[in-house]
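Under our numbering, the first residue of the sequence shown is numbered 12, with each subsequent residue one higher.
Backbone N, C-alpha and C fix where the C-beta goes; we use that ideal spot for every residue, glycine too.
To keep things clear, I will list the structure first and then write my remarks on it.
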Amino acid sequence: MRIQFRRGRRSRQRRTAMRNRIQGGWTIVVILLVGAFGQIRAQGELATLRGKVTDETGAVISGAVVTATNVETGFRRTARTSDSGDYWLPALPPGTYELTVEASGFARQVRRGIVLTIRQEATIDIALKVAGIEETVVVTAEAPIVETSKSEVTTGVSEQMIRDLPVNTRRWLDLGLLTPGVSQDNIRGFYYNNLNIGGGSRWWANGFVVDGVTNTWAEMGEPRQNFPQDAIREFKVNTMQFKAEYGLASGGLLTAITKSGTNELHGSAFLFFRDKLLNARNFFEKTRPNYRRYQYGGSLGGPIAKDKTHFFGSIERTDENRFFTVFTGGLYPQEEGTFLSDQWRTMFVVRVDHQFNESHKLFARYAQEDEYRPFLTAGGINARSAGFGFAVPRRAPVIGWTWTISPRALNDFRFQYAFAKYIVSPADTGKRGHSFDPGDFPKKRFDDCAQIIVRPSLVTGNCNSQMGPEKRWQFVNNFSYHVPNRYGKHEIKTGVDYNWIDFAADIFINVKGTYFFSTDKPYTPNDPTTSPYLFTMQFPAYTRKPVTHFSAYVQDDWSPIPSLTFNLGLRYDVQLGSFNEDIDKIQFPIPVPYVTSKGRGDHNNFGPRFGFAWDPTRKGKAVIRGGYGIYYENVRTLTNFAERWWPQQKLIIISNPAYPDPFQGRSPEEFISKAPPNITVLANDSVNPYSEQYNLGLSLQLTPNLAVTVDGVYHLGLKQWRAIDANYFPSPTVRVRPNPNFARVTRRETAAKSHYTALYVKLEKRFSRGFTFLTHYTLAEGKDNLHDGLPPDQFRLNDEWGPSPTDRRQAFVFSGLWQLPYGFTLGTIVQLRSSLPFEITAGTDLNGDGVAGDRPLGITRNMGCRAVNFQALNAYRQANRLAPLSERDILCPGYANVDLRLTKAFALREAARVEAIVQAFNLFNRVNFNPPAGNLRSGLFGRPTTALDARQLELAVRFSF
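As structure tokens, this is what we get:
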């Protein structure tokens, strides 16, 4: 279902950056007005405590004073019970609380040990006793392990888990894998640390929020910035069905909160060390390389003014001598070997929190990250020369102000300025990035590039020298209003989110061209079977285009009776500038009939959210939940840029080119001046992709600290991005373009779809008696026809429907922590995952349309390691004089891994201690292969050419006080 509204007439006048700023100014005014008069939720990462106060007979007590005090910081929030006896304490920072309840004629009651986690909505009912003489009743209590008022499919990762579980490379985001429906398959892991969540089968489909503001890179949709592990307090993963306060994510959502200081001075210092002597040899390495890595840093936090102002800071540095192995099965011994790739990263965070009084709380946080990694993508059949270097500076200051207007109303405001810039350079230059300005193309950049040669079993050369600075100004204002009465209660929430994003792209790739060969045999002029089948090349380009994102929503969590809650929401998202609404034909060197400004843009993105949560026990020990919602996806900034830069890029595509000179004595400029241009356009009716999400599940408390959860989920992705050639040949036998003024016309359009169906079973034990664990089993299937590039055969589009690249059918994950005698702590993570599909390709351009990646007839997308059509596969092999294959010839590797961490604590005087740590990653040294090679013309077909790390041991020491 998609709510449709009539589109208004848009002006053809080009929006300039100045006009965007003026619009932004008016939007900020609207935000502040909504903050003053609207109603919605405080910062989304905070917790809410609610409940009912009664006497021992069950009669409600109105006017009781309920105070929640954070025992770590002294933060307090007070409320009075309503006529129906209800109290409501929103916007509580995660932590340990003491709850005090006082009412005239009754004994004062104190509940201690209430631990609230990120975005938790806990219900604690209080029964007061009639007062005795100076009587105070003290009770040790915990928040219920089952949340009975939420329909979301969520899992939290606690501070203890982040601190004590084995985390490879200290990337806290990897702990998201402990939650059902989450993977790191098919992400651009060589660029960014990322997750696929639920039905978000592409890296750009999910949302990431830290400290109440977005941490998503608008350029491609990945997490924009990493944080030191010691700086993250906890995080929560929404696999499905999050509320209307979050948006522009059609998959899942991850929200995290950084640490703040407390009333006591605390600090830490650590050193983690790895060495080749502690590592096993990777499957494809002939000898163990001289690997070494140091990770070191620390943190410090404490009071500036007790119960008022606190500070926290954390820094982390990584220096790593990493290696990669090139393996071609012996076909290219001169390219094979294990090579060094020095990498480094520095991150730090500083945060200050100040509470003026119970009504006003302010925080400011600054985060920074810098890194450099050379030889990305090198390894396997990609030679050392095929790698490239990657440097990224990132900065993000954030300010937040929470205002308790009244016992029933609360307002929250956030501002963020986020800067990030990727800098890519050919790896063999030995440079850590480059100092060129965006759009500056001196001769040095050309000299550093190399021509690329792609063969079935080897790729050499690289010409990737680009950069993309992004600046984001974000303003968020949220407000909550609590409406209790004897006939049910409402928590009404509304808010707005405004983002102005200035992004520029300097595209300097493939400027010396790429040759594609269908054989591994060396080129021989007299043997046409050794000639290349395709050549591509493009010129440098630069584009800058600011865009504006605006969102507004309303959410009502309505409880008509205590055991039933309806989560009702409506969200509106609009992205201005993301569809090139200002595109003007006059900027093109020739008229382009495929492009018009009229009607562009997507302005009817209303996303309803409906959910219910019912506690059949009426005791807070079980919940049956379900829901439905529409979730719109962020349009990545690079989606629309190709339409703006094609006149500069001048893409060249030559089928069956001459070698080694595809232009046969002419210059590239002369060649393109006499050939129809290859262009890229955005479909004029493009819209925001969106998903429809359904869930139905049950959570049941087995003991006060143990709960089981079962969820069935369905994710339907609609209007997803794909590309087609809008000037494709009329039929397989007629090779004349319909429009002779153009060659290929790549049109980006929203016409694809995806399906994801899953069953999640989770068992969670809260920490008690020295033990905690989280385990889950996932049974899932994902299919889609999404693709960023062109399909290999536009007359066989039905063949594009197939398993998603992230389609692992089964997964089992267990994580646990044990506090053992004599100061030992044991942590472990066990992962078992079934195999991924892979693409089977012909290894040549079968239909001569200039698009690589063709498949033989009968072979569909991502058929490898699924229902392979061996009859079609072997018919193609036989036609090319290759031996037939059977199922035994294709290795479909699953994933099995055990990580272990053992910590021994040595107590020093007062609260200081030293910890000696040993960690083992891939404890049993299982060879976890990546998916196999899929080129049917390669001798490596069906065989993996890379594997994940073998066993690595790590020694560490940590001092804390």
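Handout entry: Under the three-state DSSP convention, the category residue 383 falls into
Key = strand
- Query: Which first and last residues belong to the alpha helix (DSSP H) in which residue 654 is found?
  - Reply: 648 to 660
### Proximity of residue 511 and residue 559 at Cβ, strictly below 8 angstroms
yes
Checklist line | Straight-line gap, residue 476 to residue 530 (C-alpha atoms, nearest Å) | finding: 28 angstroms
- Local Cβ density within 10 Å of residue 7, reported as buried at 16 or more and exposed below that: Only positions 12 to 972 of the chain appear in this structure, which leaves residue 7 out of reach.
Can you tell me whether residue 231 is helix, strand or coil according to DSSP? coil
Buried versus exposed call for residue 853 [16 or more other C-beta atoms within 10 Å across all chains shown]: buried
| query | Just the Cα atoms here: how many angstroms apart are residue 19 and residue 610? | reply | Bear in mind that the predicted position of residue 19 carries a pLDDT of just 37, short of 50, making it too unreliable to give a figure here.
- Could you name the residues that DSSP lists as bridge partners for residue 326? 309 and 359
Practice problem: Mind checking which residues open and close the alpha helix (DSSP H) that includes residue 795? | Solution: No alpha helix (DSSP H) holds residue 795; the beta strand (DSSP E) holding it covers 782 to 795.
- Message: Tell me the residue span of the alpha helix (DSSP H) that contains residue 173.
- Response: 170 to 175
- [ ] Please confirm whether residue 916 and residue 972 have their CB atoms less than 8 angstroms apart.
- [x] no
ask   = Got a sec? Which residues, its chain only, sit under 6 angstroms from residue 430 by beta carbon, not counting five neighbours each side?
value = 406 and 482
What is the DSSP secondary structure of residue 285, reduced to helix, strand or coil? strand
From the DSSP output, which residues share a beta bridge with residue 920?
None, per the DSSP bridge assignment.
*Other residues of its chain near residue 910: CB distance less than 6 angstroms, five sequence neighbours each side excluded*: 177, 840 and 932
Between which two residues does the beta strand (DSSP E) holding residue 843 run?
835 to 844
* To do: Can you grab the Cα-Cα spacing for the pair residue 365 / residue 255, in whole Å?
  => 29 angstroms
Whose C-alpha, out of 846, 435, 227 and 831, is nearest the C-alpha of residue 913?
831
Comparing C-alpha positions only, which one of 330, 244, 282 and 897 sits nearest to residue 969? 282
Need the endpoints of the alpha helix (DSSP H) that residue 959 sits in, please.
Neither: residue 959 is in no alpha helix (DSSP H) and is coded neither H nor E.
ask   = Given a threshold of 16 other Cβ atoms within 10 Å of its Cβ, counted over all protein chains shown, does residue 151 qualify as buried or as exposed?
value = exposed
Next item on the list: Pick out whichever of 652, 235, 356 and 372 has its Cα sitting closest to the Cα of residue 328.
Entry: 356
Exercise for review: State the start and end residues of the unbroken alpha helix (DSSP H) segment that holds residue 684.
Suggested key: 679 to 684
Practice task
For residue 215, name the three-state secondary structure that DSSP assigns.
Solution key: coil
Checklist entry - Using CA coordinates, which residue listed in 204, 786, 73 and 513 is at the minimum distance from residue 720? => result 786
Tell whether a beta-carbon distance below 8 angstroms holds between residue 570 and residue 633. no
What does the Cβ neighbour count give for residue 495, buried or exposed, with the cut at 16 atoms within 10 Å?
buried
Practice item. Classify residue 25 as helix, strand or coil using the three-state DSSP reduction. Key: The predicted model places residue 25 with a pLDDT of 36, which falls under 50 and marks its position as unreliable; any figure quoted below should be read in that light. Coil at residue 25, not helix or strand.
ask   = Can you list, in chain order, the residues of its chain whose CB lies under 6 angstroms from that of residue 587, leaving out five sequence neighbours each side?
value = 559
(message) Short of 8 angstroms in beta carbon distance, which residues of its chain neighbour residue 437, apart from the five on each side in sequence? Order them along the chain.
(response) 399, 400, 459, 460, 461, 473, 474, 475 and 476
**Asked** What is the rounded straight-line gap between the Cα of residue 39 and the Cα of residue 369?
**Response** Reliability fails at residue 39, whose pLDDT of 40 lies under 50, so the model's placement of it is uncertain and the value that follows must be treated cautiously. Answer to the nearest angstrom: the Cα atoms are 26 angstroms apart.
Hey, is the stretch 194 to 210 in contact with the stretch 318 to 334, meaning 3+ C-beta pairs nearer than 8 angstroms? no
**Message:** Could you tell me the alpha carbon to alpha carbon distance between residue 862 and residue 589, rounded to whole angstroms?
**Reply:** 27 angstroms
Nearest to residue 428 by alpha carbon, out of 856, 225 and 240? 225
**Report entry** Beta bridge counterpart(s) of residue 302 as assigned by DSSP
**Finding:** Looking at the DSSP assignment, residue 302 forms no beta bridge with any residue, so it has no partner.
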